[in-house]
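All remarks here apply to the structure that follows.
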Amino acid sequence: MAKTGAYLVPVLLGFLLVGPLSVSSAAATETGDNGKTTRQTYIVHVAESQMPRAFQHHEHWYDANLRSVSHTAEMIYTYSTAIHGFATRLTAAEAESLATRPGILSVLPEQRYELHTTRTPEFLGLGDNSALLPEADVVVGVLDTGIWPERKSYSHADMGDVPSWWKGECEAGANFSTANCNPKLIGARFLAKGYEAAVGPIDWSNESKSPRDDDGHGTHTSSTAAGSEVEGANLFETLLTPDLANSAKGVQHERHKDNVRSLPKKKDNIHR
1198 MAKTGAYLVP VLLGFLLVGP LSVSSAAATE TGDNGKTTRQ TYIVHVAESQ MPRAFQHHEH
1258 WYDANLRSVS HTAEMIYTYS TAIHGFATRL TAAEAESLAT RPGILSVLPE QRYELHTTRT
1318 PEFLGLGDNS ALLPEADVVV GVLDTGIWPE RKSYSHADMG DVPSWWKGEC EAGANFSTAN
1378 CNPKLIGARF LAKGYEAAVG PIDWSNESKS PRDDDGHGTH TSSTAAGSEV EGANLFETLL
1438 TPDLANSAKG VQHERHKDNV RSLPKKKDNI HR
């Protein structure tokens, strides 16, 4: 019987929009149709079942709604899994008008989030008795700076098959191929349009245009959450966990992982 556990999925993403706090002058001067009011990013949540029969596809409906309030705004992303809708940049007046359209559930501005703590289990109120059973077929998703898949923490030894219900993606790009995913690291995405829409173009000469982690933060956090057990872990030849036979492992080390790269290097804040 195949062993089940936690899968890991990292994503390097620029706005869930996710992106950093600072906004470039180019993005800050983006204006609405009236040429005066500045725009910001909004996530539009729609009621999928209310799409009029005149439209053959939801994206056509989204575009018609967007054109009803702005002739120049563009969709950054469309969503069809956890929610249905799209992301775009609007003025406050355009967002308010769009929110009154039939089938529009909400029009929410992006929000800033800051790092809070390095003691995540305590921060989330998780005790020893609140952990899932090791056999639980769980996917751990991480939104961060990406992942370095060659790390031993992402070894798929002793992992079972990828869940049959999994519909995620392992996205290839610079310094990253689909072969970098495995039964442990079952998915990886790279999403940068939201970041570039709000902040400005990314300098790709210093960044990998892929889920590859050029910073290290995403690799650290994802392996902490669900990294596989690594024997002989040490820091400058000093054993880290002598009480655990010199091994290091993530909190839910038997889980599969999905990673979303959400931030470029050296960024401390994210927006959603």
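The sequence shown maps to residues 1198 to 1469 in the working numbering.
All C-beta atoms in this analysis are idealised placements derived from N, C-alpha and C, irrespective of residue type, glycine included.
Boundaries of the alpha helix (DSSP H) in which residue i is found, first to last residue
i            : result
residue 1418 : 1414 to 1423
residue 1264 : 1255 to 1264
residue 1172 : The chain is shown from 1198 up to 1469; residue 1172 falls before or after that span and cannot be answered.
residue 1392 : 1390 to 1396
Three-state class that DSSP yields for residue i in the structure shown
i            : result
residue 1466 : Low local confidence applies: a pLDDT of 39 at residue 1466 is under 50, so the model's placement there is unreliable, with the coordinate-based value given in what follows. In this structure, residue 1466 counts as strand in the three-state DSSP scheme.
residue 1225 : In this prediction, residue 1225 has a pLDDT of 40, which is less than 50 and means its spatial position is unreliable; what the coordinates show is noted afterwards. Looking at residue 1225 - three-state DSSP - the assignment turns out to be helix.
residue 1244 : coil
residue 1216 : Its pLDDT being 36, under 50, residue 1216 is placed unreliably in this model, and the coordinates cannot settle the point.
residue 1277 : coil
residue 1350 : helix
residue 1441 : With a pLDDT of 49 at residue 1441, under the threshold of 50, the predicted position of this residue should be treated as unreliable, though the coordinate-derived value follows. Looking at residue 1441 - three-state DSSP - the assignment turns out to be helix.
residue 1319 : helix
residue 1426 : coil
CA nearest to the CA of residue i, picked from the options
i            : options                : result
residue 1273 : 1415, 1349, 1256       : 1256
residue 1387 : 1414, 1379, 1406       : 1406
residue 1269 : 1253, 1286, 1403       : 1286
residue 1402 : 1391, 1428, 1358, 1372 : 1372
residue 1179 : 1404, 1428, 1241, 1250 : Limits of the chain in this structure are 1198 at one end and 1469 at the other, which puts residue 1179 out of reach.
residue 1338 : 1302, 1383, 1398       : 1383
residue 1291 : 1280, 1282, 1304       : 1304
residue 1365 : 1356, 1379, 1357       : 1379
residue 1426 : 1263, 1348, 1294, 1377 : 1348
residue 1363 : 1275, 1414, 1381       : 1381
residue 1390 : 1247, 1283, 1265       : 1283
residue 1267 : 1301, 1302, 1295       : 1295
residue 1385 : 1393, 1376, 1302       : 1376
residue 1263 : 1253, 1293, 1251, 1246 : 1293
residue 1309 : 1395, 1414, 1416       : 1395
residue 1370 : 1422, 1356, 1404       : 1404
residue 1423 : 1412, 1265, 1356       : 1356
residue 1428 : 1416, 1367, 1352       : 1352
Whole-Å CB distance - residue i paired with residue j, under 8 Å assumed
i            : j            : result
residue 1237 : residue 1346 : The pair is not a contact, with the Cβ atoms about 34 Å apart (cut-off 8 Å).
residue 1350 : residue 1420 : 4 Å
residue 1288 : residue 1234 : 4 Å
residue 1260 : residue 1343 : With 8 Å as the limit, residue 1260 and residue 1343 do not qualify as a contact, their Cβ atoms being about 31 Å apart.
residue 1334 : residue 1360 : 6 Å
residue 1300 : residue 1354 : Not quite, the Cβ-Cβ distance comes to about 48 Å (not below 8 Å), so this is no contact.
Bounding residues of the beta strand (DSSP E) (the contiguous stretch that carries residue i)
i            : result
residue 1407 : Run containing residue 1407: none; DSSP gives neither H nor E here.
residue 1267 : Unbroken run through residue 1267: none, as it is neither H nor E.
Identified DSSP bridge partners for residue i
i            : result
residue 1237 : 1287
residue 1356 : Residue 1356 is not bridged to any residue.
residue 1303 : 1242
residue 1250 : For residue 1250, which the question treats as bridged, DSSP gives no partner whatsoever.
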